[in-house]
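FYI, in our numbering the residues of the sequence shown are 25 to 315. Cβ atoms here follow ideal geometry from the backbone N, Cα and C, with glycine treated the same way. Okay, structure first, notes after.
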Amino acid sequence: MSMALACALGVWPAAARAQTSPALPAVASAIIPGVGQAMNGDYGEAAAHFGVFALSLSAGLYYQRKPDFLSDDVRYDDANNREFINQTTLRRDFALRLATDTALYSSFAAYRDARARDDRSYRTPAPKESLTDLALAPFSWEFLSRPTTFIPLALQAWAASRKGGYGIYRAQDVSKGDLHAYNVTANEFTAVGEEGFFRGFVNNDLSARWGNGWGLAGSSLLFGIAHNGQGDTASVVEATIAGAYLGWVHQRNGFEIGEGVALHYWINVLAGIAAIRNGGSAPLLSISVPF
């Protein structure tokens, strides 16, 4: 996806002309976190981004190699309406999510900082939000009080309150509290990382190049392609529709992503709460026979 995005943004032609496009460090940091920061001359930040990514990726691979790690064919049932989780698999998920979302945020941060240095060729406003701004966004009354946020959240809360649906079943070494802690923490990483990358970078840059309509279409499609619908995640179609709404909100807000982070976070958290409620405690033996 990074190569396709680079071509769409004209990164490689710009590089060939020895021009520095802000999209180039953004794509570089999406592939290897910190590289874009180094290209911008921010070597301390580059080391921090790469360090977090490398440590979390190493931890994820460590847990994935443990004998009790649950592979996808064991973890998910054929109907994709429930999953089983143990402590090793939960820790692996947490570590790899941190690694992935670090890459996404690193891309946004590299783009933001490059735009701050040279914004002359862009028709869209340069992103300015810091990591602290985005981390606090889900708890901002300014965003939560907007109809564009609380109406979708009310609909999600209603859907999550209904009985049935996707369920997460816990091994004896995982408590319900563990799952709730993972839900509220990991979704913070995801909301900041995905909104930073898909809206703060991709939607902004494509909208500047192609206009708001085609830019929104392109960023929404890329957001959809990045989701496979496995487990409690959105399908390609669902994610594309969600991406279109979040991208529209992003454009409507003058290309600021704070409201999108807040909405994305609570949509995911509410879905996670419902999945935890719909599941329960189950012995490992229960997944060793066909569903």
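Legend entry - Assigned secondary structure, G188 (DSSP; H/G/I helix, E/B strand, else coil): Reduced to three states, the DSSP call for G188 is coil.
Inset, instruction - Taking the CB atoms as reference points, tell me whether L287 and T124 lie closer together than 7 Å. - result: Here L287 is not near T124, since their CB atoms are 7 Å or more apart.
Inset, instruction - Starting from F74, follow the alpha helix (DSSP H) in both directions and report where the run begins and ends. - result: Per DSSP, F74 belongs to the alpha helix (DSSP H) from Y67 to Q88.
Inset, instruction - Return the chain-ordered list of same chain residues with a C-beta closer than 7 Å to the C-beta of A210, the five sequence neighbours on each side being excluded. - result: Closer than 7 Å at Cβ, skipping near neighbours: F118 and R121.
Legend entry - Cβ-Cβ separation, D197 to Q111 (assumed contact under 8 Å), whole Å: The pair is a contact, with the Cβ atoms about 4 Å apart (cut-off 8 Å).
Inset, instruction - Please state whether DSSP places G282 in a helix, a strand or coil. - result: Helix, per DSSP.
Inset, instruction - Measure the Cβ-Cβ separation of P49 and A184 and say whether it is below 7 Å. - result: Note that the C-beta distance between P49 and A184 is not below 7 Å.
Legend entry - Inter-stretch contact at 8 Å, needing at least 3 Cβ pairs: the region 68-78 / the region 153-161: Taking 8 Å as the limit for Cβ pairs, the verdict is that the region 153-161 does not touch the region 68-78.
Inset, instruction - State buried or exposed for L85, treating a residue as buried only when at least 16 other CB atoms are found within 10 Å of its CB. - result: By the 10 Å Cβ count, L85 comes out exposed.
Legend entry - Where A40 falls: helix, strand or coil (DSSP): Caution is warranted here: a pLDDT of 38 is assigned to A40, below 50, making its placement in the model unreliable, and the coordinate value is therefore given only provisionally. Secondary structure of A40 (DSSP, three-state): helix.
Legend entry - Buried versus exposed, by CB contacts within 10 Å (16 or more), Y67: For Y67, the number of other beta carbons within 10 angstroms of its own is below 16, and it is reported as exposed.
Legend entry - Cα-Cα separation, T148 to F279: The alpha-carbon of T148 is positioned some 7 Å away from that of F279.
Legend entry - Exposure label - G237; buried when at least 16 CB within 10 Å: Of the other Cβ atoms in all chains shown, fewer than 16 fall within 10 Å of the Cβ of G237; this residue is therefore exposed.
Inset, instruction - Pull up the distance between the alpha-carbon of V208 and that of G248, whole angstroms please. - result: Rounded to the nearest angstrom, the two C-alpha atoms are 23 Å apart.
Legend entry - For R139, the residue or residues it bridges with in DSSP: DSSP, once it has assigned bridges, lists no residue as partnering R139.
Legend entry - Three-way DSSP call (helix, strand, coil) for S312 in this model: Residue placement at S312 is flagged as unreliable, the pLDDT there being 39, under the threshold of 50; the coordinate-derived value follows with that caveat. Coil.
Legend entry - Contacting residues, own chain, Cβ-Cβ under 7 Å from W290 (five flanking each side not counted): In chain order, P162 and L177 place their CB closer than 7 Å to the CB of W290, counting only its own chain and leaving out the 5 sequence neighbours on each side.
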